[in-house]
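A.B. asks: Chains A and B, in that order, give the protein sequences. For the first sequence, the positions run 417 to 550 when our numbering is used. For the second sequence, the positions run 57 to 464 when our numbering is used.
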Amino acid sequence: MAYSKKVVDKFENTINEPAKYNVGRFDPKDMDIGTGMVGAPACGDVMKLQIKCERQGNTHIIKDVKFKTYGCGSAIASSSELVEMLLGKTLEEAKEIKNIDIVEALELPPIKIHCSVLAEDSIKQAIEDYEQKQ
Amino acid sequence: MDTNINLPIYLDYASTTPVDPRVAQKISDHLTLDGNFGNPASRSHKFGWKAEEAVEEARSHVANLVGCDPREIVWTSGATEANNLAIKGIANFYQAKGKHIITSKIEHKAVLDACRQLEREGFEVTYLDPTEGGLITASLIDSAVRDDTVLISIMHINNELGTVNNLHEIGSYAREKGIFFHVDAAQSTGKVEINLSELPVDLMSFSAHKTYGPKGIGALFVSRKPRVRIEAQIHGGGHERGMRSGTLPTHQIVGMGEAFRIAKEEMFADRKKIQAFHEKFYSSVSKIEEIYVNGDLENKVSNILNISFAYVEGESLIMALKDIAVSSGSACTSASLEPSYVLRALGRKDELASSSIRFSFGRFTTDEDIDYTLSLINHAVERLRELSPLWEMYLDGIDLDTVDWQTH
């Protein structure tokens, strides 16, 4: 499988500097945290995404993000890419992020599109979890 | 880390081996006008006679390594063709005797796909489940045998696991039942001794490129005592006593002969060196938490080591080991996203199957290669586990089987 340089770089940077690339965890019970976990071990990928939000006026801003991903190189790169897109966005803006944005940013090969779909699902779920707590 | 090392490191010898420089020299002596380039089938001049002589010398080297008569060796384009010729050749020739074939789920695709083709032609095939350790035994075969079973095709050494089947046991059973026994021995030559003058085996497939010979050449052993007959699959000239037509590729054949001659001479030394690598590798990797060796360690060659690193996905591990050439049990790197059918047949869960990597060592592997690889593995597994939500759950004491996963 020939990955684009973007996928390879993203993957390598993420595993070599996990802290800088937001690898980690928040306590899922905290009220300002929304957690999404999608995928299954048997399918070869599981993404866990957590957003830390802050109320600003009528909206909520994503102040911090943590993630962990089990999966192939492009699954890891896709979650890492998503994390970067999310930082500083309002929840409304975050909901607008589509898998195709990740596909384009990383130049994912067609056979790996499902990685970007999984990433999109993880943010939807994390936002839902956060909104239920409010 | 050691900077005095040649990267990338090749640890995929079970996939193919580099040609030994002595073999390469022999090959190049049989190509050009000033070399031995003739057609071995040319009876009317010295060019043909000399080429035939070289082919027959090579045939003797192959026969000598596996303990058979040179007249029992048929050249083919590789083990895939040898497997096809053996299985379809027996099935077609003896179909009046029976139309049932027994093989296993962990055979190479060359055997499995040949059997699938025969199924389309009206044969019935039983695909045996191996033991948890990846072995096929006579008693497993006995449970599937029928009155119309005509052929048993079982590999000697499994290419993904390195597990070694007991050919004596299976062959004796087959003889007792009067069933032909074919063995795919593509992974065996130069690794373990084979003595066909004593083994109850009717047909055996060989490959040159797994034993430091060139790609595109292999051989099929067809027993003369007892006499085994096969129907040719390729027609046109009646070469190889009618079993396989086509002008013999002298340069590839002498390459295979030379590779097998060297294998006979150096098998003991190669094996000793590789056993030491295996020991070092295994004792280091086994210190990592939650790793599983696939295949029975007690019945395994030391040049292949297949390990599942739980909670780390195989393709990402291969990417993290970017200077190391290995194969993944998960076929995520190829067009399909299925975990290895061999590991699944052992009963490994999908996630363990897709966390597996096959390391295979060879003649040109060095101690430095092993040391470098080991340090890289430790580093990569640690990093990827830090990134793995499954590892986090494992550390938190969560049983992953009880989680309600959202499959997609």
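Using N, Cα and C, we set each Cβ at its ideal position, and we do this for glycine too. For clarity, every value in this text was computed on a predicted model and none was experimentally measured.
What residues from the stretch 457 to 471 of chain A come within 9 Å of chain B, judged by C-beta to C-beta, listed N to C?
C.D. replies: Of all residues in the stretch 457 to 471 of chain A, P457, A458, C459, G460, D461, V462, M463, K464 have a Cβ within less than 9 Å of some Cβ in chain B.
A.B. asks: Can you pull the chain B residues whose beta carbon is under 8 Å from the beta carbon of G489(A), in chain order?
C.D. replies: Residues of chain B passing the Cβ test: E371, S372, M375.
A.B. asks: Would you list, in sequence order, the uninterrupted beta strand (DSSP E) runs of no fewer than 3 residues that lie entirely inside the stretch 445 to 498 of chain A?
C.D. replies: Runs found: 449 to 456, 461 to 472, 475 to 486.
A.B. asks: Excluding the 5 residues preceding and the 5 following Y348(B) in the sequence, name in chain order all residues of the same chain whose CB lies nearer than 6 Å to its CB.
C.D. replies: Result list for Y348(B): S364, in chain order.
A.B. asks: Just to confirm my understanding: we take Q466(A), look at its own chain, exclude 5 residues before and 5 after, and list those with CB closer than 8 Å. What are they?
C.D. replies: Taken in chain order, the residues that qualify are R441, F442, P444, I449, G450, T451, G452, V481, K482, F483, A542.
A.B. asks: Mark S390(B) as exposed unless 16 or more other C-beta atoms lie within 10 angstroms of its C-beta, in which case mark it buried.
C.D. replies: In this prediction, S390(B) scores a pLDDT of 42, lower than 50, which makes its location untrustworthy; the coordinate-derived value is nonetheless stated afterwards. With fewer than 16 other Cβ atoms within 10 Å, it is exposed.
A.B. asks: Would you say the stretch 140 to 151 of chain B touches the stretch 114 to 124 of chain B, given that touching needs at least three Cβ pairs under 8 Å?
C.D. replies: Touching, no, given that fewer than three Cβ pairs across the two stretches are closer than 8 Å.
A.B. asks: Between the Cα of K161(B) and the Cα atoms of N148(B), T421(B), A138(B), T187(B), which residue gives the shortest distance?
C.D. replies: The candidate whose alpha carbon is nearest that of K161(B) is T187(B).
A.B. asks: For a contact defined as C-beta to C-beta under 7 Å, what are the partners of K484(A) on chain B?
C.D. replies: Chain B residues near K484(A): L443, S444, P445, E448.
A.B. asks: Count the CB pairs spanning the stretch 152 to 172 of chain B and the stretch 397 to 405 of chain B that are closer than 8 Å, and state whether there are at least three.
C.D. replies: In short, these stretches touch, since the Cβ pair count reaches three.
A.B. asks: Does DSSP put T429(B) in a helix, a strand or coil?
C.D. replies: The answer is helix: DSSP assigns T429(B) an H, G or I state.
A.B. asks: I'd like to know whether the C-beta atoms of G370(B) and S410(B) end up nearer to each other than 8 Å.
C.D. replies: Result yes, Cβ atoms of G370(B) and S410(B) sit closer than 8 Å.
A.B. asks: Straight-line CA distance for G313(B) to E128(B)?
C.D. replies: Their Cα atoms are separated by approximately 15 Å.
A.B. asks: For S416(B) and chain A, any beta-carbon pair shorter than 8 Å?
C.D. replies: Output row for S416(B): interface = no.
A.B. asks: At a threshold of 7 Å, does I492(A) count as lining the ligand COA (C-beta to nearest heavy atom)?
C.D. replies: In the structure on display, the ligand COA does not appear, and there are no ligands present to speak of.
A.B. asks: Looking at the secondary structure, which residues open and close the alpha helix (DSSP H) in which D537(A) lies?
C.D. replies: Note, D537(A): alpha helix (DSSP H), 529 to 549.
A.B. asks: Quick one: any contact between the stretch 417 to 428 of chain A and the stretch 489 to 498 of chain A, if contact means 3 or more CB pairs under 8 Å?
C.D. replies: In short, these stretches touch, since the Cβ pair count reaches three.
A.B. asks: Does any residue of chain A bring its CB to less than 8 Å from the CB of S410(B)?
C.D. replies: At least one chain A Cβ lies under 8 Å of S410(B).
A.B. asks: How do the stretch 83 to 91 of chain B and the stretch 301 to 311 of chain B stand: do at least 3 beta-carbon pairs fall below 8 Å, yes or no?
C.D. replies: Yes: the two stretches touch, three or more of their Cβ pairs being nearer than 8 Å.
A.B. asks: For R439(B) and chain A, any beta-carbon pair shorter than 8 Å?
C.D. replies: Yes, R439(B) lies at the interface with chain A (some Cβ there is under 8 Å from its Cβ).
A.B. asks: With three or more beta-carbon pairs closer than 8 Å as the criterion, would you say the stretch 345 to 361 of chain B touches the stretch 207 to 221 of chain B?
C.D. replies: The stretch 345 to 361 of chain B vs the stretch 207 to 221 of chain B: in contact.
A.B. asks: Please name the residues in the stretch 341 to 358 of chain B whose beta-carbon is closer than 8 Å to at least one beta-carbon of chain A, in chain order.
C.D. replies: The residues in question: there are none.
A.B. asks: Taking F337(B) as part of the alpha helix (DSSP H), name the residues at either end of that continuous run.
C.D. replies: Taken as a continuous stretch (DSSP letters only), the alpha helix (DSSP H) holding F337(B) covers 306 to 341.
A.B. asks: Residues in the same chain with beta-carbon distance under 7 Å from G460(A), minus the five sequence neighbours each way, listed in chain order, please.
C.D. replies: G487, C488, listed in sequence order.
A.B. asks: Using a Cβ-Cβ cutoff of less than 7 Å, which residues in the same chain neighbour L408(B) once the five nearest sequence positions on both sides are dropped?
C.D. replies: Correct list, in chain order: Y348, S364, A366.
A.B. asks: Might you give, ordered along the chain, the residues of its own chain that have their beta carbon closer than 7 Å to the beta carbon of R300(B), omitting 5 neighbours on each side?
C.D. replies: Correct list, in chain order: V130, W131, T132, L141, A288, I290.
A.B. asks: Short check: CB of E544(A) to CB of K514(A), under 8 Å?
C.D. replies: No, they are not a contact pair.
A.B. asks: Check whether the Cβ of V551(A) lies closer than 8 Å to any Cβ atom in chain B.
C.D. replies: Residue 551(A) falls outside the range modelled here, since chain A spans only 417 to 550, and no answer is possible.
A.B. asks: Can you tell me which of V111(B), V79(B), D76(B) puts its alpha carbon nearest to the alpha carbon of F93(B)?
C.D. replies: The shortest Cα separation from F93(B) among V111(B), V79(B), D76(B) belongs to V111(B).
A.B. asks: Cβ atoms of T421(B) and F333(B): under 8 Å apart, would you say?
C.D. replies: Result yes, Cβ atoms of F333(B) and T421(B) sit closer than 8 Å.
A.B. asks: DSSP beta-bridge partners for N362(B)?
C.D. replies: For N362(B), which the question treats as bridged, DSSP gives the partners R414(B).
A.B. asks: Name the chain A residues whose beta carbon is nearer than 8 Å to that of E407(B)?
C.D. replies: P457, A458, G460, listed in chain order.
A.B. asks: Find out if the Cβ-Cβ distance for the pair V206(B), H156(B) is shorter than 8 Å.
C.D. replies: Cβ distance < 8 Å, so V206(B) and H156(B) count as in contact.
A.B. asks: Is G403(B) close to chain A, meaning its C-beta is less than 8 Å from at least one C-beta of that chain?
C.D. replies: It does not: the Cβ of G403(B) has no partner Cβ on chain A nearer than 8 Å.
A.B. asks: Going by alpha carbons, who is nearest to V533(A) out of Q550(A), V454(A), F427(A), T506(A)?
C.D. replies: Residue V454(A) is the option with its Cα nearest to V533(A).
A.B. asks: Run through chain B and tell me which residues come within less than 8 Å of V481(A), C-beta to C-beta.
C.D. replies: Ordered by position in chain B, no residue passes the 8 Å Cβ test against V481(A), which lies about 14 Å from the chain.
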